[in-house]
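Visitor: Protein chains in written order, with our numbering: chain A, 76 to 253; chain B, 869 to 1012.
By construction, the Cβ of each residue, glycine as well, lies at the ideal position given by its N, Cα and C atoms.
Structure in structure tokens, see below.
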Amino acid sequence: VTDRVTTPYEGREPAPWDPSAEIEAPLRLHSTPVLTEWLDYNGHMSESCYLLAFGDSADAFFRFLGIDEAYRAAGQSLYTSQTHLHHWKEAAGGDRLDLTLQVLDHDRRRLHIFHEMRHDETGNLLASAEQLLVHVDMAAGRSTDLPDHLYERIAAIQRAHSVLARPEVVGRPMGIRR
Amino acid sequence: VRQEWLDYNHHLTDAGYAIVLSEAHELLLERLGLSAEYRTSHSASMFTVATHIRYLAECSEGQTLTAATMLVEADRKRLRLHSELFADGALAATGECLYVHVDTSLGRSVPLPEDRQAAVDGMRKAHAGLPRPAHLGLGVGVRP
Chain A
76 VTDRVTTPYE GREPAPWDPS AEIEAPLRLH STPVLTEWLD YNGHMSESCY LLAFGDSADA
136 FFRFLGIDEA YRAAGQSLYT SQTHLHHWKE AAGGDRLDLT LQVLDHDRRR LHIFHEMRHD
196 ETGNLLASAE QLLVHVDMAA GRSTDLPDHL YERIAAIQRA HSVLARPEVV GRPMGIRR
Chain B
869 VRQEWLDYNH HLTDAGYAIV LSEAHELLLE RLGLSAEYRT SHSASMFTVA THIRYLAECS
929 EGQTLTAATM LVEADRKRLR LHSELFADGA LAATGECLYV HVDTSLGRSV PLPEDRQAAV
989 DGMRKAHAGL PRPAHLGLGV GVRP
């Protein structure tokens, strides 16, 4: 039992970046069963637990980039600035969830990504999340440029992901459509 | 801010904001008679369609989070809520959620019953004069 939120990848050292390796489009870095403690009184996955699963996939992505405990201990990290979550279908106990991650855009300090969560057997889209991440100097408490090596890796991923269609819900404002 | 909501940085984790947001919204739904009791008595429930959270400040263990929630808009089947989350009085996040009223035995959206619709209309009138946050309904990354 831990006294705080942990991710399955905590403490795992990133594999060295291989600039010649082909980059998956989208990235498939995380898969998880629906955990018993994620279920609500109805036997369905609680709302906030979708964010836990997307967060774990983001953590796997950070390690893929080279952002781990050592990187954060040196004072910088990627923070979530915004999350727009869409619920499409319910996930239930016993389901296994496959997550994908697509880099939509980036600049020197910001990263725009899109996650999808699918049922592993049916392939049904259960939820998606659009996120804006910011590279932060934690001591100063403000945004700061990504170091060159991370910037280049993110640029390479975005190039590899440029073959993917832009998901329809990206940038969609919330509201009651009539 | 509970210990079990903290991340590796000892700050409130992303999903923790979502927990507090849905607790606040659940209380508002309770005011409208659309909470736990209603789910049992009417075999119907408000389902979350979408959630948009803007993270504005880190929160630490022991801080007290307070939500100020408004009913943004509603029709016969749908409700849209917006909350400001304050940590010890300072704005720490905003959250906007869209809900749809679902008959859980039919498995599809249906209009609210008359009495609940009246409660929603009453709250909508009461909130009509509130200032509307500039970021309402804006997509991710769009600045007001």
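Since S106 (chain A) and W113 (chain A) should fall inside the 8 Å C-beta cutoff, what is the C-beta to C-beta distance between them, to a whole number of angstroms?
Guide: Wrong, their Cβ atoms sit about 15 Å apart, outside the cutoff.
Visitor: Return yes when the Cβ of S132 (chain A) is within less than 9 Å of the Cβ of N877 (chain B), no when it is not.
Guide: Not in contact: N877 (chain B) and S132 (chain A) (Cβ atoms no closer than 9 Å).
Visitor: Who are the neighbours of G1005 (chain B) on chain A, taking C-beta pairs under 9 Å?
Guide: Listed along chain A, the residues sitting closer than 9 Å to G1005 (chain B) by beta-carbon distance are P248, M249 and G250.
Visitor: Run through chain A and tell me which residues come within less than 7 Å of E869 (chain B), C-beta to C-beta.
Guide: Note that residue 869 (chain B) corresponds to Val in the displayed sequence, not to Glu. Within 7 Å Cβ-Cβ: nothing; V869 (chain B) doesn't reach chain A, min ~11 Å.
Visitor: For F954 (chain B), which residues in the same chain have their Cβ closer than 6 Å to its Cβ, ignoring the five residues on either side in sequence?
Guide: The beta carbon of F954 (chain B) sits closer than 6 Å to the beta carbons of T934 from its chain, once the five residues preceding and following it are set aside; these are given in chain order.
Visitor: Y906 (chain B) lies in the alpha helix (DSSP H); which residues open and close that run?
Guide: A904 to H910
Visitor: Drop a sphere of 10 angstroms on the beta-carbon of E191 (chain A), count the other beta-carbons inside from all chains shown, and report buried for 16 or more, exposed for fewer.
Guide: buried
Visitor: Closer than 9 Å, Cβ to any Cβ of chain A: which residues of the region 957-984 of chain B, in chain order?
Guide: E964, C965, L966 and T972
Visitor: Taking the alpha carbon of L225 (chain A) as the point to measure from, which residue in A:Y84, A:R79 and A:P94 has its own alpha carbon closest?
Guide: A:P94
Visitor: Pairing CB atoms from the region 143-163 of chain A with CB atoms from the region 913-929 of chain B, are three or more of them under 8 Å?
Guide: With a cut-off of 8 Å, the region 913-929 of chain B and the region 143-163 of chain A count as touching, because enough Cβ pairs lie within range.
Visitor: How about D943 (chain B): is its C-beta nearer than 9 Å to some C-beta of chain A?
Guide: Nearest CB-CB separation between D943 (chain B) and chain A: below the 9 Å threshold.
Visitor: Kindly say whether D173 (chain A), judged by its beta-carbon, lies nearer than 9 Å to any beta-carbon of chain B.
Guide: no
Visitor: Mind pulling the chain B residues with CB within less than 8 Å of S156 (chain A)?
Guide: Result: R922 and Y923.
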